[in-house]
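Below is one structure, written out as structure tokens; comments come after it.
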Amino acid sequence: MIYGIAFLVLIPPFQVPDEYEHYYKSWDISNGHLIPEKIGNKAGVSVPESVKIMTDNIYQKWKYYILNNQSMDMRYLLNLPLKSSNNTFVDISKYAVVTYSPLPYLASGLSIALGKLFDLSPLILMYLGRFGNLLLWLFIVFLAIKITPVFKWGFLAIALMPMTLFQAASLSADSIAISLSFISIAIFLKLALDDSIKQITSKHIAIIVLITLLLGLAKMPYIMLILLFFLIPSKKFEGRTKMFKIFGLMFLLGVLVIAFWNFMVNGLYMPLDPGISIQDQLIYILHYPIDFIQTLLNTSSQYAGELPFIVVGNWAYANSPIPNLIYYMYFFIILLVAAFDKGSFKINLKQRYTILGVFLLITGTIFVLEYLTWTYTGAPVIHGIQGRYLIPVLPLLFLTLYEKNERTKNRLLVELMLSLLIILIMSKVVLIFINYYYALYF
């Protein structure tokens with residue numbers, strides 16, 4: 117909570133990727149609009165002129181990055197009257213955000229709606245929206261850590277990564293995608309590994325169905341987390357037949373949810389670069405599958421060595437001020453946690469392969485989607501890959517290292533050392549952050 121609030125306050129406005137568009141979507145949800153308005157070949161939202169004045173001021177000064185020697189009259193923006201009666205249309209059709217469901221914006225939209233009752237300034241409403249997202253993220257991640265029977269410290273370490281908190285304390289849809297993915301993984305692990313759960317009941321099935329609905333409305337690739345369903349032993353379903361029937365219901369529901377929402381937002385998204393064609397990309401993949409596989413391998417090879425850098429904390433517009441050493445130290449901490457966070461529950465070889473397979477499948481899907489929407493046809497490497505996309509499934513990668521082991525005498529000492537190390541690194545990150553943006557210490 118402390119570090120989350122620190123990130124919320126210290127991250128300058130709209131330094132999270134696409135946060136302008138997320139803000140507009142949150143504003144639209146706060147007005148009760150579920151789908152952006154389409155006018156001609158544009159799609160967007162109507163916002164008060166004061167909101168546009170505030171975002172334009174910040175965009176012109178801090179378009180992609182800011183330094184502590186750049187001035188901004190924040191006092192003026194913080195006190196800018198809302199005047200919500202005078203509206204202007206903002207086009208967001210060039211960003212995939214325009215197609216997102218209302219789910220990622222419920223917390224921020226509700227927070228903004230409450231703030232509007234008191235005529236708070238547009239900038240204060242932005243911070244209020246961030247706070248709503250952070251509170252919901254904290255609650256869901258807390259539940260995930262409480263529910264999971266294994267890797268509790270691992271979930272905590274990943275949740276406290278600079279990049280994770282950077283997204284959680286923002287208006288980004290990644291906030292809800294990360295938290296929902298964590299709790300989905302935790303629930304499937306609970307159902308699969310906890311021997312006290314002898315049989316999957318209607319209550320458990322209802323929870324699984326709810327997970328499917330929420331993941332389908334969060335971000336599309338992560339709905340494949342429902343494949344963790346196959347971690348659950350078939351004996352808990354009274355046989356394989358019932359097990360596959362339940363999964364078939366889940367799968368059908370997931371497909372229907374995604375298809376329905378894609379139908380509702382069809383035609384709203386216009387790619388930022390007109391030279392990129394999703395249709396041409398699909399044709400290329402079908403005609404040259406070997407070349408596309410080589411592109412996937414090239415991309416994986418390029419990003420493999422940068423994994424600690426891009427996942428742990430290469431925030432904002434890839435201009436993070438954190439020294440590379442901290443990235444690698446934190447990544448090493450997670451590896452230590454995976455090695456030492458042992459318990460009495462056993463993950464068998466089949467379950468381990470399932471976990472790794474789901475991780476690779478979701479990662480591959482993310483690559484394909486970025487290829488379709490951000491990369492020129494025939495390009496040798498996929499563009500647009502960002503580490504934040506992997507955070508929701510990062511626990512799966514480290515779960516493959518988990519080993520059963522009864523509690524050892526030195527476990528408490530290890531947990532204490534890891535806690536202190538995480539606190540020290542995160543405190544250093546906050547201080548570096550303050551210095552980079554505000555020059556408050558030397």
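Numbering (this note's numbering), first residue to last: 117 to 558.
Using N, Cα and C, we set each Cβ at its ideal position, and we do this for glycine too.
What you are looking at is a predicted structure, and each value in this text was computed from that prediction instead of being measured.
Local Cβ density within 10 Å of residue i, reported as buried at 16 or more and exposed below that
{"i": "Lys306", "result": "buried"}
{"i": "Thr357", "result": "exposed"}
{"i": "Glu354", "result": "exposed"}
{"i": "Lys597", "result": "There is no way to answer for residue 597, as the model of the chain reaches only from 117 to 558."}
{"i": "Ile406", "result": "exposed"}
{"i": "Arg504", "result": "buried"}
{"i": "Tyr119", "result": "buried"}
{"i": "Glu135", "result": "buried"}
{"i": "Glu153", "result": "exposed"}
{"i": "Ile399", "result": "exposed"}
{"i": "Gln283", "result": "buried"}
{"i": "Tyr211", "result": "buried"}
{"i": "Val125", "result": "exposed"}
{"i": "Asp290", "result": "buried"}
{"i": "Gln372", "result": "A small correction: the amino acid at residue 372 is Leu; Gln does not occupy that position in the sequence shown. Leu372 comes out exposed."}
{"i": "Leu402", "result": "exposed"}
{"i": "Ile409", "result": "exposed"}
{"i": "Asn464", "result": "exposed"}
{"i": "Gly494", "result": "exposed"}
{"i": "Tyr192", "result": "exposed"}
{"i": "Leu510", "result": "buried"}
{"i": "Ala334", "result": "buried"}
{"i": "Asn249", "result": "buried"}
{"i": "Ile539", "result": "exposed"}
{"i": "Ala420", "result": "exposed"}
{"i": "Met359", "result": "buried"}
{"i": "Leu326", "result": "exposed"}
{"i": "Gln467", "result": "buried"}
{"i": "Leu309", "result": "buried"}
{"i": "Phe558", "result": "With a pLDDT of 37 at Phe558, under the threshold of 50, the predicted position of this residue should be treated as unreliable, and no value is reported."}
{"i": "Gln397", "result": "buried"}
{"i": "Leu233", "result": "exposed"}
{"i": "Ser166", "result": "buried"}
Which residues DSSP lists as bridging residue i, in chain order
{"i": "Ile155", "result": "Lys158"}
{"i": "Pro164", "result": "Asn203"}
Residue j beta carbon less than 9 Å from that of residue i
{"i": "Leu331", "j": "Ile323", "result": "no"}
{"i": "Met242", "j": "Leu198", "result": "no"}
{"i": "Tyr385", "j": "Thr215", "result": "yes"}
{"i": "Asn203", "j": "Pro164", "result": "yes"}
{"i": "Phe304", "j": "Phe367", "result": "no"}
{"i": "Ala229", "j": "Phe271", "result": "no"}
{"i": "Gly383", "j": "Ala159", "result": "yes"}
{"i": "Leu441", "j": "Val474", "result": "no"}
{"i": "Phe130", "j": "Ser162", "result": "no"}
{"i": "Pro496", "j": "Asn414", "result": "yes"}
{"i": "Ile316", "j": "Lys361", "result": "no"}
{"i": "Met170", "j": "Ser237", "result": "yes"}
{"i": "Ile292", "j": "Leu341", "result": "no"}
{"i": "Phe514", "j": "Ala454", "result": "yes"}
{"i": "Pro337", "j": "Ile151", "result": "no"}
{"i": "Val266", "j": "Phe448", "result": "no"}
{"i": "Leu488", "j": "Ile374", "result": "no"}
{"i": "Asn157", "j": "Ser209", "result": "yes"}
{"i": "Leu412", "j": "Gly480", "result": "yes"}
{"i": "Val427", "j": "Leu506", "result": "yes"}
{"i": "Leu239", "j": "Met190", "result": "yes"}
{"i": "Ile498", "j": "Glu486", "result": "yes"}
{"i": "Leu517", "j": "Leu451", "result": "yes"}
{"i": "Ile482", "j": "Ala285", "result": "no"}
{"i": "Pro508", "j": "Ile256", "result": "no"}
{"i": "Pro133", "j": "Gln502", "result": "yes"}
Quick check: the region 258-277 against the region 296-304, are there 3 or more CB pairs under 8 Å?
yes
- Message: Quick test of the definition: if touching needs 3 or more C-beta pairs under 8 Å, does the region 138-148 touch the region 215-231?
- Response: yes
**Q.** Whole alpha helix (DSSP H) elements within the region 461-513, 4-residue minimum
**A.** 465-490
inquiry  = Quick check for students: name the residue ranges of the beta strand (DSSP E) that lie wholly in the region 191-240, counting only runs of 3 or more.
reply    = 203-207
Output the residue ranges of the alpha helix (DSSP H) runs that lie fully inside the region 348-408 and measure 4 residues or longer, sorted by chain position. 356-380, 394-403
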